[in-house]
Amino acid sequence: MTEHNQVTVGAAELGDLATRLSPGALTTDPDVIAAHATDEALFCPHEGSIALVRATSAGDVQEVMRFASAHRIPVVPQGARSGISGGANGSPGAILLNVSRMTDVLSINEAERLVTVQPGIINQDLKDHLAPFGLSYPPDPGSVALSSIGGNIATNAGGLCCVKYGVTRDYVRSLQVVLADGTLTTLGPQTAKGVAGLDMRHLFIGSEGTLGIVVEATLRLIPALPDPFTAVATFPDERTGLQTVADFMAAGGVPSILEFLDSSSLKMLNEFGDFGLDADAGSMLIMQVDQNPADSEAVMAKFAEVAESCGALDVAYSDDPADSAALIAARRMIQPAYEKFANAHGGGQLLDDVCLPRTAVPEFCDRLGELRESSGLVISLVAHAGDGNTHPSVFFDASDADQTAKAEGVFAEIMRIGLELGGTITGEHGVGYLKRDWLQHELDEGSRRIQLAVKNALDPLGILNPGKMLSAI
Ligand SMILES: Cc1cc2nc3c(=O)[nH]c(=O)nc-3n(C[C@H](O)[C@H](O)[C@H](O)COP(=O)(O)OP(=O)(O)OC[C@H]3O[C@@H](n4cnc5c(N)ncnc54)[C@H](O)[C@@H]3O)c2cc1C
Numbered sequence: 078m079t080e081h082n083q084v085t086v087g088a089a090e091l092g093d094l095a096t097r098l099s100p101g102a103l104t105t106d107p108d109v110i111a112a113h114a115t116d117e118a119l120f121c122p123h124e125g126s127i128a129l130v131r132a133t134s135a136g137d138v139q140e141v142m143r144f145a146s147a148h149r150i151p152v153v154p155q156g157a158r159s160g161i162s163g164g165a166n167g168s169p170g171a172i173l174l175n176v177s178r179m180t181d182v183l184s185i186n187e188a189e190r191l192v193t194v195q196p197g198i199i200n201q202d203l204k205d206h207l208a209p210f211g212l213s214y215p216p217d218p219g220s221v222a223l224s225s226i227g228g229n230i231a232t233n234a235g236g237l238c239c240v241k242y243g244v245t246r247d248y249v250r251s252l253q254v255v256l257a258d259g260t261l262t263t264l265g266p267q268t269a270k271g272v273a274g275l276d277m278r279h280l281f282i283g284s285e286g287t288l289g290i291v292v293e294a295t296l297r298l299i300p301a302l303p304d305p306f307t308a309v310a311t312f313p314d315e316r317t318g319l320q321t322v323a324d325f326m327a328a329g330g331v332p333s334i335l336e337f338l339d340s341s342s343l344k345m346l347n348e349f350g351d352f353g354l355d356a357d358a359g360s361m362l363i364m365q366v367d368q369n370p371a372d373s374e375a376v377m378a379k380f381a382e383v384a385e386s387c388g389a390l391d392v393a394y395s396d397d398p399a400d401s402a403a404l405i406a407a408r409r410m411i412q413p414a415y416e417k418f419a420n421a422h423g424g425g426q427l428l429d430d431v432c433l434p435r436t437a438v439p440e441f442c443d444r445l446g447e448l449r450e451s452s453g454l455v456i457s458l459v460a461h462a463g464d465g466n467t468h469p470s471v472f473f474d475a476s477d478a479d480q481t482a483k484a485e486g487v488f489a490e491i492m493r494i495g496l497e498l499g500g501t502i503t504g505e506h507g508v509g510y511l512k513r514d515w516l517q518h519e520l521d522e523g524s525r526r527i528q529l530a531v532k533n534a535l536d537p538l539g540i541l542n543p544g545k546m547l548s549a550i
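Here my numbering = 1-based position in the sequence shown + 77.
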């Protein structure tokens with residue numbers, strides 16, 4: 078890949094840039110830069126950035142990219158910094174280009190069911206804004222209340238309801254992006270169909286800030302979702318829970334959410350808060366369906382039948398929206414619960430994101446069990462099980478070098494097992510810095526060549542988020 082050949086910039090050049098940006102947008106205060114230099118990932122470098130720009134307009138973003146191109150300095154695009162792969166982390170000599178102040182809803186087109194937003198709007202704020210119009214934007218990452226739409230687009234974020242409603246990519250109608258040289262361009266038509274030229278819009282979705290900066294997005298909406306029915310099933314062990322998922326989906330089940338929690342996750346959740354979950358269960362499934370009441374009842378009955386035939390200890394369901402909300406809220410608390418456990422055991426947690434064919438998840442779970450035994454480390458598992466997207470977490474004492482090295486080895490082995498079973502190293506969290514060395518193991522030679530050709534064509538100076546996603550292929 079093209080190396081950026083940085084021209085030294087000092088206070089005078091940055092001061093000059095500041096005069097061309099919205100007032101107060103640029104700071105070189107080291108404390109403020111440091112406070113904005115990390116996302117939520119552990120063990121990813123983040124030092125060395127020289128400025129932070131909090132853009133309030135596409136014009137600010139264009140100015141920064143023109144400046145960065147002229148001086149050949151790296152730029153790290155940032156949304157809400159909720160990422161867990163180090164993708165938004167600072168890097169040496171870089172400008173942190175944060176768009177989280179660009180939060181406007183620019184227009185809602187009810188007739189076409191489209192909304193146009195700035196990239197910094199938080200996903201949940203958009204959902205709340207749309208509710209009075211009877212419209213819904215389905216993608217719902219676990220970080221729905223933390224993460225921005227621009228970040229969701231840059232990582233092609235998934236979440237709980239993907240099993241029925243798909244991922245961020247499925248809702249992006251068109252994008253405005255700023256390219257490496259500062260050019261502002263629109264990618265994708267406003268229409269439902271469109272095949273005029275190469276599909277550049279989808280190239281940018283999931284590109285993790287390595288091809289350009291999203292400054293505006295027009296998103297496809299659907300009518301507001303009906304209140305769901307929610308079922309909870311507990312199992313004596315992990316395998317029976319996961320077998321239920323495979324059998325239920327094979328039987329034609331269409332859940333809107335189907336989440337799996339293993340026994341250690343249930344224990345950590347119960348230690349974190351009073352969610353009324355069965356702490357002694359070997360695993361749990363939370364299944365939601367949002368069809369009309371009669372059809373939802375039928376799906377619940379089918380789910381119960383499959384779960385019981387797989388050996389469920391208990392299956393219950395509710396059509397009360399408050400019960401559904403409480404269960405999903407409990408599921409969304411898993412990461413804080415993990416953090417509490419990690420903090421009490423030396424602070425280390427490596428969160429993985431291997432997505433597998435659904436039918437391979439039971440074997441994957443067995444292999445995690447073997448890793449637990451051979452490493453002696455606590456390894457928990459939650460999964461968006463309906464689409465095979467697993468999130469194993471490896472816990473360790475981060476002050477113990479041997480244990481840290483062992484945990485990193487286990488983390489890598491989890492990805493290796495995932496690839497062996499036909500999966501991918503990342504279903505939704507992205508490559509970022511954390512998995513950059515692993516991308517080469519997943520992509521074949523031809524694919525790596527195309528990826529680098531695209532990167533070099535769009536970012537010939539190599540200034541967009543260097544050292545991250547494509548830097549080790
Ligand atoms: C508790 C928790 C739960 C989570 N659950 C999920 C989940 O269920 N599903 C899921 O997919 N993710 C999940 N995540 C990960 C994270 O929230 C997502 O990756 C999210 O999409 C990141 O959005 P952000 O605004 O925080 O982006 P950031 O973290 O700021 O950036 C993420 C990446 O996108 C790039 N980027 C950001 N904004 C732009 C832009 N405007 N233009 C170009 N590039 C940009 C950055 O350079 C970086 O590479 C979770 C994170 C946490 C902390």
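Cβ atoms here follow ideal geometry from the backbone N, Cα and C, with glycine treated the same way.
Computed from a predicted model, the values in this text were never measured in an experiment.
In this structure, Ile161 keeps its C-beta atom at 8 Å or more from the C-beta atom of Ile127. By the C-beta density criterion, Ala406 is exposed, having fewer than 16 other C-beta atoms within 10 angstroms. No residue range can be given for Met410, since it is assigned to no beta strand (DSSP E) and is classified by DSSP as neither H nor E. About 6 Å separates the beta carbon of Asn466 from that of Gly235, a gap short enough to meet the 8 Å contact definition.
Boundaries cannot be given for Tyr214, as no alpha helix (DSSP H) includes it and DSSP labels it neither H nor E.
Proximity to Ser213 across Pro300, Asp106, Leu288, Met179 peaks at Pro300, based on C-alpha coordinates. Assignment of beta-bridge partners to His461 by DSSP yields Asn466. When the beta-carbon positions are compared, Leu428 and Ser470 come within less than 8 Å of each other. DSSP places Asp396 in the coil class of the three-state scheme, outside both helix and strand. DSSP places Asp391 within a strand segment (E or B) once states are collapsed to three. Look at Thr311 here: in three-state DSSP terms it is strand.
Taking the Cα positions, Tyr394 is about 29 Å away from Glu416. When Gly219, Asp181, Asn186, Asp397 are compared, the shortest CA-CA separation from Leu203 is found for Asp181.
If you draw a straight line from the Cα of Val309 to the Cα of Ser284, it is about 36 Å long. Assignment of Ile127 by DSSP, reduced to helix, strand and coil, places it in the coil class. Following the DSSP letters along the chain, one finds Gly424 inside the beta strand (DSSP E) bounded by residues 424-428.
The Cβ atoms of Leu252 and Val221 do not sit closer than 8 Å to each other. The beta carbon of Leu390 lies closer than 7 Å to those of Thr311, Phe312, Pro313, Ala358 in the same chain, with the five residues before and after it left out. Pairwise C-beta distances place the region 476-493 in contact with the region 422-437, as three or more of them are shorter than 8 Å. Using a cutoff of 7 Å, the CB of Asp464 does not count as near ligand 1, since none of the ligand's heavy atoms is closer than that.
CA-CA distance, Pro537 to Gln517, rounds to 21 Å. In the displayed model, Asn175 falls within a strand according to three-state DSSP. Rounded to whole angstroms, the Cβ separation of Leu237 and His461 is 6 Å, and the two are in contact under 8 Å.
In the three-state reduction of the DSSP assignment, Glu416 falls in the helix class. In the DSSP annotation of this structure, Pro370 is not part of any beta strand (DSSP E); the continuous alpha helix (DSSP H) holding it starts and ends at 370-386. If you check the C-beta of Asp202 against ligand 1, you find no heavy atom less than 7 Å away.
Contact between Phe473 and Lys483 holds: CB atoms are separated by about 7 Å, below the 8 Å threshold.
For Thr232, the shortest separation between its Cβ and any heavy atom of ligand 1 lies below 7 Å.
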